[in-house]
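**Q** The letter at position 271 of the sequence shown is residue 270 when you use numbering that gives the first Met the number 0, and the numbering goes up by one with no holes.
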Amino acid sequence: MLFLSLLLLATGATLLILRRRRVTEARAVTVGGMLSGVVGLLLGLSTFAYVVEPYQVAVPATLGTVGGTWQPGLHLKSPLTDVTSFSTRPTDLNMTGNDTVEVRSSEGGVLYADVTVKWSIDPQHTQALYKLAGSPEAVQQRLVYPDSREIVRNVFARHTGVEGYTSQREAISTEIDKLITERLAPRGILINGVNLRNVKPSDSLQHAIEAKIQQDQATAQAEAAVRTAQAEAEKRRIDAESTAAANTAIAGSLTDKLLMSQCIDAFKAAAEKNPVYASPCGSGSAPVIVDSTKR
């Protein structure tokens with residue numbers, strides 16, 4: 000920008016000099032020289048100022064010397080100062096498609112994980128990030144991207160293929176989020192969320208997972224059948240013990256006199272419908288005749 004400004008100023012001065020020597024038409028030369036000079040002057044003045052936009056911070060560097068972090072607003076600077084801006088808004092790092100993470104389970108099976116890492120910079124660490132990476136794009140490519148892929152692989156390596164594909168996906172996503180945050184926070188990179196979007200097993204692992212799921216289902220059904228059989232056997236045992244106890248109690252309470260009394264009562268009730276009813280009551284006893292008409 001500075002060199003362009005100097006070039007325009009030089010062009011304007013040259014045109015004004017040519018006007019005085021009447022090399023061409025004076026009016027056209029005058030207008031061209033003045034416009035070139037004004038534009039060059041404005042460009043020259045712009046090299047002394049820099050505006051940091053909202054939701055941005057900037058780091059100035061002058062002849063190899065890195066300055067402090069600039070907050071949003073207007074800042075004066077030397078024409079020799081280069082300014083690098085960093086956005087403080089969250090940025091999505093999408094590891095999908097060609098960047099899908101190939102991972103291995105604890106059993107050695109291959110899975111493919113699509114992961115999105117939402118990150119942003121800590122404004123207080125902008126100068127350190129500039130010295131470490133040099134630009135926002137470099138921060139993502141040199142720091143966030145490789146560290147995130149490494150952690151995703153390490154976490155999946157501690158789980159089986161079935162866990163990574165089905166049962167433990169939420170727990171795995173939470174663990175990845177925690178470890179990436181712990182890794183990058185000291186460098187001034189804030190993790191605003193990790194989304195484990197999709198996990199796809201390789202064909203061979205897919206078959207193994209399906210076989211394992213079917214085996215687990217069969218085992219669960221067998222265990223349920225065993226528990227049901229045990230419960231039914233326990234119920235029959237309790238019923239048998241209750242019946243035996245009741246029979247024992249009844250047998251202990253029955254006497255000949257009690258049986259005779261209950262037998263007579265029963266025949267009295269029967270005689271209400273039959274005028275005469277005769278039957279022995281009790282072992283070795285004489286027949287008892289009940290006449291409902293005579294009582």
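Every residue, glycine too, gets a C-beta built ideally from N, C-alpha and C.
Got a sec? Which residues, its chain only, sit under 6 Å from P135 by beta carbon, not counting five neighbours each side?
**A** Here the question's residue 135 lines up with position 136 in the sequence shown. Closer than 6 Å at the Cβ level, and outside the excluded window around P135, lie F85.
**Q** For A132, name the three-state secondary structure that DSSP assigns.
**A** The residue labelled residue 132 in the question sits at position 133 within the sequence shown. A132: coil per DSSP, three-state reduction.
**Q** If you check the beta carbons only, do V109 and M94 fall under 8 Å apart?
**A** Taking the sequence shown and counting its residues from 1, one reaches residue 109 at position 110. Taking the sequence shown and counting its residues from 1, one reaches residue 94 at position 95. No; because the gap between Cβ atoms is not below 8 Å, this pair is not in contact.
**Q** Closest by CA to T87, which one among E231, D146, Q55, R103?
**A** Position 88 of the sequence shown holds residue 87. Nearest C-alpha to T87: Q55.
**Q** Compute the distance between the beta-carbons of T90 and Q139, then report whether it is under 8 Å.
**A** Counting from one through the sequence shown, the residue named residue 90 turns up at place 91. Counting from one through the sequence shown, the residue named residue 139 turns up at place 140. In this structure, Q139 lies closer than 8 Å to T90 by Cβ.
**Q** What is the residue span of the beta strand (DSSP E) that N191 lies within?
**A** Your numbering for residue 191 matches position 192 in the sequence shown. Element bounds for N191: 188 to 200.
**Q** For the alpha helix (DSSP H) containing E52, name the first residue and the last one.
**A** Numbered from 1 along the sequence shown, position 53 holds the residue referred to as residue 52. Segment: none, E52 is in no alpha helix (DSSP H) and carries neither H nor E.
**Q** Specify the secondary structure class of S166 as computed by DSSP and reduced to three states.
**A** Taking the first residue of the sequence shown as 1, we reach residue 166 at position 167. Three-state result, S166: helix.
**Q** Does the pairing of the stretch 174 to 189 with the stretch 226 to 244 give three or more beta-carbon distances under 8 Å?
**A** At 8 Å Cβ cutoff, the stretches do not touch.
**Q** On the DSSP bridge list, what partners appear for P59?
**A** One-based indexing of the sequence shown puts residue 59 at position 60. Note: P59 sits in a beta bridge opposite V82.
**Q** Would S172 and V143 be called neighbours here (beta carbons separated by less than 8 Å)?
**A** The residue given as residue 172 occupies position 173 in the sequence shown. The residue given as residue 143 occupies position 144 in the sequence shown. Contact: no.
**Q** Please report the distance separating the alpha-carbon of V50 from that of K76.
**A** Position 51 of the sequence shown, counted from the first residue, corresponds to residue 50. Position 77 of the sequence shown, counted from the first residue, corresponds to residue 76. Between V50 and K76, the C-alpha separation is close to 10 Å.
**Q** Would DSSP call G67 helix, strand or coil?
**A** Numbered from 1 along the sequence shown, position 68 holds the residue referred to as residue 67. If DSSP states are grouped into helix, strand and coil, G67 belongs with coil.
**Q** When burial is assigned at 16 or more other CB atoms within 10 Å of the CB, is I237 buried or exposed?
**A** Residue 237 sits at position 238 when you count from the first residue of the sequence shown. It is exposed - the Cβ of I237 has fewer than 16 other Cβ atoms within 10 Å.
**Q** Starting from S147, trace the beta strand (DSSP E) both ways and give me its first and last residue.
**A** Stepping through the sequence shown from its first residue, residue 147 is reached at position 148. Not the beta strand (DSSP E): S147 falls in the alpha helix (DSSP H), residues 144 to 155.
**Q** To the nearest angstrom, how far is the alpha carbon of D213 from that of T125?
**A** Position 214 of the sequence shown, counting from 1, holds the residue named residue 213. Position 126 of the sequence shown, counting from 1, holds the residue named residue 125. The residue you asked about is not Asp; residue 213 is Gln in the sequence shown. Using only the alpha carbons, I get a separation of about 53 Å.
**Q** State the Cα-Cα distance for the pair E240 and A217, rounded to the nearest angstrom.
**A** Walking along the sequence shown from the start, residue 240 turns up at place 241. Walking along the sequence shown from the start, residue 217 turns up at place 218. Each residue's Cα considered, the two are about 35 Å apart.
**Q** Note the first and the last residue of the continuous beta strand (DSSP E) segment covering D113.
**A** Taking the sequence shown and counting its residues from 1, one reaches residue 113 at position 114. Here the beta strand (DSSP E) through D113 covers 109 to 120.
**Q** Between S104 and G67, how many whole angstroms is the CB-CB distance? I'm expecting something under 8 Å.
**A** Start at 1 with the first residue of the sequence shown, and residue 104 comes out as number 105. Start at 1 with the first residue of the sequence shown, and residue 67 comes out as number 68. Not a contact, Cβ separation roughly 48 Å.
**Q** Suppose you measure from the CA of S166 to the CA of T159; what does that come to, to the nearest Å?
**A** Position 167 of the sequence shown, counted from the start, is the residue given in the question as residue 166. Position 160 of the sequence shown, counted from the start, is the residue given in the question as residue 159. Cα to Cα, S166 sits roughly 10 Å from T159.
**Q** Since I believe L92 is in contact with V116 (beta carbons under 8 Å), could you give me their beta-carbon distance rounded to a whole number of angstroms?
**A** Stepping through the sequence shown from its first residue, residue 116 is reached at position 117. Stepping through the sequence shown from its first residue, residue 92 is reached at position 93. The Cβ separation is near 4 Å, so the contact holds.
**Q** Would you mind stating whether I175 and W118 have Cβ atoms separated by less than 8 Å?
**A** Translated into the one-based positions of the sequence shown, residue 175 becomes position 176. Translated into the one-based positions of the sequence shown, residue 118 becomes position 119. No.
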